[in-house]
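Counting with the working numbering, you get residues 564 to 950 for the letters of the sequence shown.
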Amino acid sequence: MNDFELDKLYIAGTYKRFPVEIVSGKGSIVEDNNGKKYIDMGSGIGVTAFGIADEQWIKAVDDQIHKIQHMSNLYYTEPDIKLAQMLCQRTGMKKVFFCNSGAESNECAIKVARKYAAEKYGSDRYTIVTLKNSFHGRTLTTLAATGQDVFHKLFQPLTPGFACIDPGDIDQLKVIHEKTPVAGVLIECIQGEGGVMPLDKEFVKALYEYCQEKDIVFMVDEVQTGNGRSGHLYSYIAFDVKPDVVSTAKGLAGGLPFGATMMGEKCENILGPGDHGSTFGGNPVCSAAALSVLSRIDDGLLADVRAKSKYIFDQLSNAEGVESVSGMGLMIGIKTKKAAIDVVNECIEKGVLCLTAKDRVRLLPALNIPMEVLKVAVEVIQDSCAD
Ligand SMILES: *Cc1c(COP(=O)(O)O)cnc(C)c1O
């Protein structure tokens with residue numbers, strides 16, 4: 564049996580995979596088991612922030628793994644402390660909880676909002692409001708938060724206490740809050756899985772202001788948009804708001820499973836001993852990797868991300884077979900005349916790996932993809948969108 568057949572035999576069928584087996588890579592180039600090379604425009608869904616087998620990242624991981632690979636949260640470890648300090652100093656947030664994935668970082672955010680509201684207003688203030696077309700994870704609670712019915716079917720009942728409003732319509736939040744008090748609001752400033760759709764800036768500000776006025780915990784899901792992806796350290800910075808809670812994961816540790824939930828002034832003291840925890844959370848190897856990743860996301864790199872973003876927008880916006888381009892930074896959605904999946908398959912044949920998000924082709928290249936590599940990839944994408 565070949566590997567595709569063995570995979571089908573032994574691995575749960577949760578993923579529709581492309582017929583490619585990747586074995587190695589360097590930077591933004593990956594290689595399959597037949598020696599064919601591809602430009603990686605997906606970076607493991609926005610995870611390998613500085614590409615594959617990046618030297619600085621390897622050194623950070625290697626140094627730490629030779630010191631200690633895991634220690635329980637019953638003891639102090641230096642990489643966690645340094646990383647939490649760096650995150651707080653760079654964002655103005657006050658406290659950090661570490662976990663292992665995006666869904667978990669949102670679970671923590673939701674628990675913080677619920678406890679804040681329950682302590683201050685009583686146990687009937689538990690509703691969490693999210694947006695239609697959002698994506699917040701695959702656990703039963705983060706599925707409840709996810710505003711796309713396709714993910715809900717056959718998994719009922721989901722965690723109760725969630726409500727969903729249309730992006731752009733603040734009045735729907737007001738109506739809900741007047742009927743059933745709202746504990747928290749959770750949004751992605753750029754809806755990633757929903758097709759790389761940035762929210763309207765005025766709407767985000769209106770949400771933020773209403774939440775402040777009503778003492779509703781305002782949470783931003785930066786799992787995909789965070790850690791430089793949007794051309795800003797976190798996307799909320801570009802939307803001119805100051806969240807009470809920020810969740811992040813994907814690119815944070817550059818390829819290791821890691822997540823973080825950051826709490827601002829309003830919520831910094833909500834979690835106490837026993838309220839939450841994670842055996843693997845704050846793994847020192849992941850923290851060391853994240854320290855290395857974050858310390859490289861400086862103004863120069865962010866300016867570079869925005870410049871490459873502009874290049875992609877300029878090249879693709881009026882290209883043949885392209886209807887529109889959406890997104891921010893190196894998080895880009897392309898609405899194509901052809902079906903997105905056909906474009907992606909054509910790109911694979913021509914040696915470029917792209918993603919989809921809903922009906923769009925999605926690009927999430929490494930933040931440091933070299934310009935000459937990006938140029939080749941964009942040409943192949945242009946080519947595949949046309950004819
Ligand atoms: C990917 C993603 C998640 C889920 O992250 P996992 O690590 O798969 O649990 C949550 N929210 C957003 C915005 C995401 O893009």
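A virtual CB, placed ideally from N, CA and C, is assigned to each residue, including glycine.
Here the structure is a predicted model, which means the values were calculated and not measured.
query: Where do the ends of the beta strand (DSSP E) carrying M782 lie?; result: V780 to D784
query: Near G605, which residues of its chain fall below 7 angstroms by C-beta distance, leaving aside the five closest residues on each side in sequence?; result: L916, C917, L918 and L927
query: I want to check one thing, is the minimum distance from the CB of F698 to the heavy atoms of ligand 1 below 6 angstroms?; result: yes
query: Hey, how far is the Cα of V809 from the Cα of M564?; result: 46 angstroms
query: Taking 8 angstroms as the threshold, find out whether the segment 624 to 634 comes into contact with the segment 829 to 837 through three or more Cβ pairs.; result: no
query: Out of H795, E909, G844 and R869, point me to the one whose CA is closest to A666's CA.; result: G844
query: Taking the Cβ atom as the reference point for each residue, do L721 and I728 lie within a distance shorter than 7 angstroms?; result: no
query: Given 6 angstroms as the limit, tell me if Q652 has its C-beta closer than that to any heavy atom belonging to ligand 1.; result: no
query: Return the first residue and the last residue of the beta strand (DSSP E) that R925 is part of.; result: R923 to L926
query: Which residue marks the beginning of the alpha helix (DSSP H) containing M863, and which one marks its end?; result: The sequence given here places Gly at residue 863; Met does not occur at that position. Taken as a continuous stretch (DSSP letters only), the alpha helix (DSSP H) holding G863 covers D862 to S880.
query: For L749, does the three-state DSSP call read helix, strand or coil?; result: strand
query: Beta carbon of A612, beta carbon of V856: below 7 angstroms?; result: yes
query: Apart from the five residues on each side of it in sequence, which residues of its chain come closer than 7 angstroms, Cβ to Cβ, to H962?; result: Outside the modelled stretch of the chain, which goes from 564 to 950, sits residue 962, for which no answer is possible.
query: Verify the contact flag: A612, CB atom, against every heavy atom of ligand 1, threshold strictly below 6 angstroms.; result: no
query: When you compare the CB positions of S947 and V888, do they come within less than 7 angstroms of one another, or not?; result: no
query: Nearest CA to the CA of E942: which residue from Q775, E741 and I602?; result: I602
query: How about E912: is its Cβ closer than 6 angstroms to a heavy atom in ligand 1?; result: no
query: Select from L569, Y679 and V868 the residue whose C-alpha is nearest the C-alpha of M788.; result: The sequence as given places Thr at residue 788; Met does not occur at that position. Comparing Cα-Cα distances from T788 to each of L569, Y679 and V868, the minimum goes to V868.
query: Run the proximity test for D626: is its beta-carbon closer than 6 angstroms to any non-hydrogen atom belonging to ligand 1?; result: no
query: With three or more beta-carbon pairs closer than 8 angstroms as the criterion, would you say the segment 756 to 764 touches the segment 732 to 748?; result: no
query: So P730 packs on F766, CB below 8 angstroms; how close in whole Å?; result: 7 angstroms
query: May I ask you to report which of helix, strand or coil DSSP gives M891?; result: strand
query: Cβ of L937 within 7 angstroms of Cβ of K873?; result: no
query: Please identify the residue among K900, I739, Y679 and T709 whose C-alpha is closest to the C-alpha of R923.; result: K900
query: Okay, do the segment 793 to 801 and the segment 858 to 867 touch, 3+ Cβ pairs below 8 angstroms being the bar?; result: yes
query: Let me know if F718 comes out buried or exposed under the rule of 16 or more other beta-carbons within 10 Å of its beta-carbon.; result: exposed
query: Tell me which residues share the same chain as P642 and place their Cβ nearer than 7 angstroms to its Cβ, disregarding the 5 neighbours each side in the sequence.; result: Q627, P847, S850, A851 and L854
query: I'd like to confirm the pairing. Which residues does DSSP put opposite V809 in its beta bridges?; result: V783 and M825
query: Would you mind stating whether F714 and I691 have Cβ atoms separated by less than 7 angstroms?; result: no
query: Could you pull the start and end residues of the alpha helix (DSSP H) that A929 belongs to?; result: A929 -> no alpha helix (DSSP H), and no H or E assigned at all.
query: What does DSSP give as the partner residue(s) for L916 in the beta ladder?; result: D603
query: Can you tell me the Cα-Cα spacing of D975 and C662, whole angstroms?; result: Nothing can be reported for residue 975: it is not among the residues displayed for the chain, which extend from 564 to 950.
query: Along the chain, which unbroken stretches of the beta strand (DSSP E) at least 3 residues long are found entirely within the segment 655 to 700?; result: 658 to 662 and 690 to 694
query: Taking Cβ positions, are L879 and V885 nearer each other than 7 angstroms?; result: yes
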